[in-house]
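This report concerns only the one structure given below.
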Amino acid sequence: MRGRTPSIKSLFRGRLVAAGIVVVLAAACAQFVHSAALLREAVRQRLTVTAELSAAQIADFIAHHQAAVSLCAARHTLEPDGRRALFELRERFPAFLTVLAADAEGRILHGEPQLRADGEAPFRWAGHAVADRDYFRVPMRTGRPYVSDVFVGRGYGDDPIIALSAPVFDARGRVNGIVEGSIASPAFAAARAEAMARRGMALLVLDRRGRVVYATRDLRLRALQTVALPPPPADPTALGELPDVYAPGEGAHFASARTGFGWTVVVLEPVERLNGELRLNAFNLLFPGLLALIAAVWAASALAGRLAQPIRTLALRMREYAFDGEGNGHLPLPSAPAEIRDLTDAFNRMGQRLSESYETLRSALVEKNRLGDELTRTVQEREEVIAERTAALRRANSELRALSATDALTGCSNYRGFVQAMAMLWQRAGDEYQTVTAFMCDIDRFKRYNDALGHPAGDACLRRVAAALRGVMQLGEDVVARVGGEEFAVLVRGLDRAQARAVAHRLHDAVGALQMPHPDGGTVSISVGWAQVEPAEGGVPEDLVAAADAALYRAKEAGRDRVAE
């Protein structure tokens, strides 16, 4: 028994549905892949810029408080009245939980606050020692300020903290103790994290050993927990992913940036956020296509019905002709039935409708291409804006680094800038077989000048002396730095000993020429000690600075207001 032959309507509808599904899925997939790539790049750019900005803000906070600790260390905090300096430091910088001063053996001499965290029981600083802490040992060994990793304090609460410490130098330039300030880990990151949380992002800060300094509350991470970040993807445009960071099975995309003192700042965004946007995009792409397919099937069914009716009518008429017997069953062409003409007219009308549909479709495709071009231009403009903002951020970071190496009072390099300049000058002199000469200049009886005339006059004196020293050197590659309260250092390369001796005397005479009266009689003068080495012959910069300091000491011992080598 022969099966039922499908009708024109069912065949036409089935083929149209199959072809429509293929076209809709292919177009949706292509558009989805393109939009997914754009979304991923936008997420990567957002995370990268936010991570760099967050790292810059945290580094600025730490540098600001580190400078305050260094300034406090320069105020002879180990003296009996040093507790006042610690009190003022904590009053002006409330982020410090505690501040202390310890001698060269690590014994605590002074500390603030005087009461425990409950505000009732006194906090006894005497008898405690910090010799086992990195924030004591590193400044004592290197003579430089130090930012610690995260640790748990003792004696004043058990919250995770970080320590900022700076060495205290005696009159001979030797380290004889430290000043340290402790900051609770949320103090420098909580406000930034709250602002990021409103944008659906989380903040994670890791120290040099990969331990958590700060983590947003919704992360499954706690302070002091060690976190191993995955290696960066081989594809620079790919997104880094950290698994199970929000909850088991709930990972995050992340970008990281490092601070100048070795910490890593990580900005995270839930993976589900991007997946949700991708699902919404897929729905937005498929839904209009499905609606168009349903409409096309409905229109095709109606059109097939209108096409099948004239054909059935024509078939009936042909059967009538076959059974009629005239002309041996052949259809006489000169007298073709009217239904065939109706069918021809129907085809013509259908052709016209198809042409109109094609024109509509062509116009829709032109509009789609126009919208696509606009989207491409918009993306390019956004990329240019991102590039401009990234460049502005880099310039801001460069300006911050320059400010962190400059003494705010005199405009000279500070100790940090002096160390950086010494490293570069030492390398260049070694490569070119030149000498490096260090001049250490100390204002004679400056403490007496400052006590008699007041700090504003002392600051003015420091600025005039700094200007006189810079005037002698005329800068260029030469470096003039303020390395202590009234002590300046000058670095020059390429001088022989006769030229170096002449420069030392010009520095000495330039300050004398200022003719600034001193309260004890006479005028303000400086003592100059200098030393010279050739880096290509070996040695380290610290040896040169130590030799110049020793010469300065000899000049002081010989009666001040003179040059020694």
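The numbering of the sequence shown is this note's numbering, which starts it at 2 and goes up by one. From the three backbone atoms N, C-alpha and C, an ideal C-beta is built for every residue, glycine too.
Could you give the distance in angstroms between the alpha-carbon of residue i and the alpha-carbon of residue j?
i: V484; j: K448; result: 16 angstroms
i: T570; j: E368; result: The displayed coordinates of the chain run from 2 to 566. Any statement about residue 570 would go beyond what the structure contains.
i: A511; j: G107; result: 42 angstroms
i: G352; j: A296; result: With a pLDDT of 49 at G352, under the threshold of 50, the modelled position of this residue cannot be trusted; read the value that follows with caution. So the alpha carbons of these two residues sit roughly 19 angstroms apart.
i: G83; j: A388; result: 50 angstroms
i: V473; j: V176; result: 30 angstroms
i: H331; j: R371; result: Any reading at H331 must be qualified, since the residue scores a pLDDT of 46, below 50, and its modelled position is unreliable; no value is offered.
i: R502; j: A532; result: 10 angstroms
i: L404; j: H66; result: The predicted model places L404 with a pLDDT of 49, which falls under 50 and marks its position as unreliable; any figure quoted below should be read in that light. Computed Cα separation, rounded: 14 angstroms.
i: T51; j: W126; result: 41 angstroms
i: L334; j: P289; result: Low confidence applies here, because L334 scores a pLDDT of 46, under 50, leaving its location unreliable; read the following figure in that light. If you take the alpha carbons of L334 and P289, they lie about 49 angstroms apart.
i: R561; j: R76; result: 22 angstroms
i: G418; j: D408; result: 9 angstroms
i: A499; j: E538; result: 20 angstroms
i: F94; j: F62; result: 11 angstroms
i: R173; j: L165; result: 24 angstroms
i: G92; j: G128; result: Inspection of the sequence shows that residue 92 is occupied by Glu rather than by Gly. Going by the C-alpha atoms only, they are around 24 angstroms apart.
i: G326; j: V24; result: Annotation note: pLDDT 45 at G326 (below 50); position unreliable, coordinate value reported separately. Spanning the two alpha carbons is a distance of roughly 50 angstroms.
i: D374; j: Q381; result: 10 angstroms
i: D432; j: L496; result: 15 angstroms
i: Q516; j: A439; result: 25 angstroms
i: G15; j: A293; result: 16 angstroms
i: V34; j: S364; result: 24 angstroms
i: N571; j: G144; result: Absent from the model: residue 571. The displayed extent of the chain is 2 to 566, so no value can be given.
i: R221; j: F262; result: 26 angstroms
i: F88; j: P237; result: 49 angstroms
i: T524; j: A514; result: 9 angstroms
i: V153; j: S186; result: 10 angstroms
i: R383; j: L54; result: 18 angstroms
i: Y450; j: L470; result: 19 angstroms
i: W264; j: A64; result: 13 angstroms
i: A68; j: Y416; result: 11 angstroms
i: C30; j: A188; result: 48 angstroms
i: R39; j: I163; result: The amino acid at residue 39 is misidentified as Arg; the sequence shows Leu. Rounded to the nearest angstrom, the two C-alpha atoms are 40 angstroms apart.
i: M141; j: A547; result: 16 angstroms
Do residue j and residue i have their beta-carbon atoms positioned less than 8 angstroms apart in this structure?
i: A556; j: S526; result: no
i: I179; j: A167; result: yes
i: S414; j: V466; result: no
i: V437; j: L376; result: no
i: L463; j: L410; result: yes
i: P146; j: V70; result: yes
i: V564; j: H506; result: yes
i: A1; j: V266; result: The requested residue 1 does not occur in the structure, where the chain is confined to residues 2 to 566.
i: A552; j: E566; result: yes
i: R494; j: L545; result: no
i: L279; j: A37; result: yes
i: T217; j: A248; result: no
i: G201; j: E270; result: yes
i: A258; j: L243; result: no
i: Y215; j: A190; result: yes
i: A131; j: E113; result: In the sequence as presented, Ala is not what sits at residue 131; that position holds Val. Cβ distance not < 8 angstroms, so V131 and E113 don't count as in contact.
i: V169; j: A74; result: yes
i: A490; j: M441; result: yes
Taking residue i and residue j to be in contact with their CB atoms under 8 angstroms, please state how far apart those CB atoms are, rounded to whole angstroms.
i: V213; j: A224; result: 5 angstroms
i: L110; j: L79; result: 6 angstroms
i: A268; j: L48; result: Residue identity check: residue 268 is Val in the sequence provided, not Ala. Between L48 and V268 the Cβ distance is about 5 angstroms, and since that is below 8 angstroms, they are a contact.
i: P542; j: A424; result: 7 angstroms
i: G182; j: F97; result: 4 angstroms
i: E488; j: D443; result: 5 angstroms
i: G530; j: D550; result: 7 angstroms
i: D171; j: R209; result: Wrong, their Cβ atoms sit about 30 angstroms apart, outside the cutoff.
i: A60; j: T379; result: No, A60 and T379 are not in contact; Cβ-Cβ is about 34 angstroms, not under 8 angstroms.
Is the Cβ of residue i closer than 8 angstroms to any Cβ of chain C?
i: T436; result: You won't find chain C in this structure, because it holds only one protein chain.
Query raised in the report: Are at least three pairs of beta-carbons, each pair with one atom in the stretch 128-141 and one in the stretch 40-54, less than 8 angstroms apart?
Result: Touching, no, given that fewer than three Cβ pairs across the two stretches are closer than 8 angstroms.
**Report entry** Runs of beta strand (DSSP E) lying entirely within the stretch 405-463, each at least 3 residues, in chain order
**Finding:** 437-444
Query raised in the report: Are at least three pairs of beta-carbons, each pair with one atom in the stretch 220-231 and one in the stretch 198-206, less than 8 angstroms apart?
Result: The answer is yes - the stretch 198-206 touches the stretch 220-231, with three or more Cβ pairs under 8 angstroms.
Query raised in the report: Of all the beta strand (DSSP E) runs that stay within the bounds of the stretch 169-218, which reach a length of 3 or more residues?
Result: 176-185, 203-207 and 213-216
**Report entry** Secondary structure, beta strand (DSSP E): runs of 3+ residues fully inside the stretch 469-513
**Finding:** 480-483 and 488-494
Query raised in the report: What residue ranges within the stretch 107-152 form continuous alpha helix (DSSP H) runs of no fewer than 4 residues, ordered along the chain?
Result: For the stretch 107-152, whole alpha helix (DSSP H) runs of length 4 or above, ordered along the chain, are 135-143.
Query raised in the report: Taking the runs of the alpha helix (DSSP H) that are 4 residues or longer, which of them lie wholly in the stretch 9-83?
Result: 9-74
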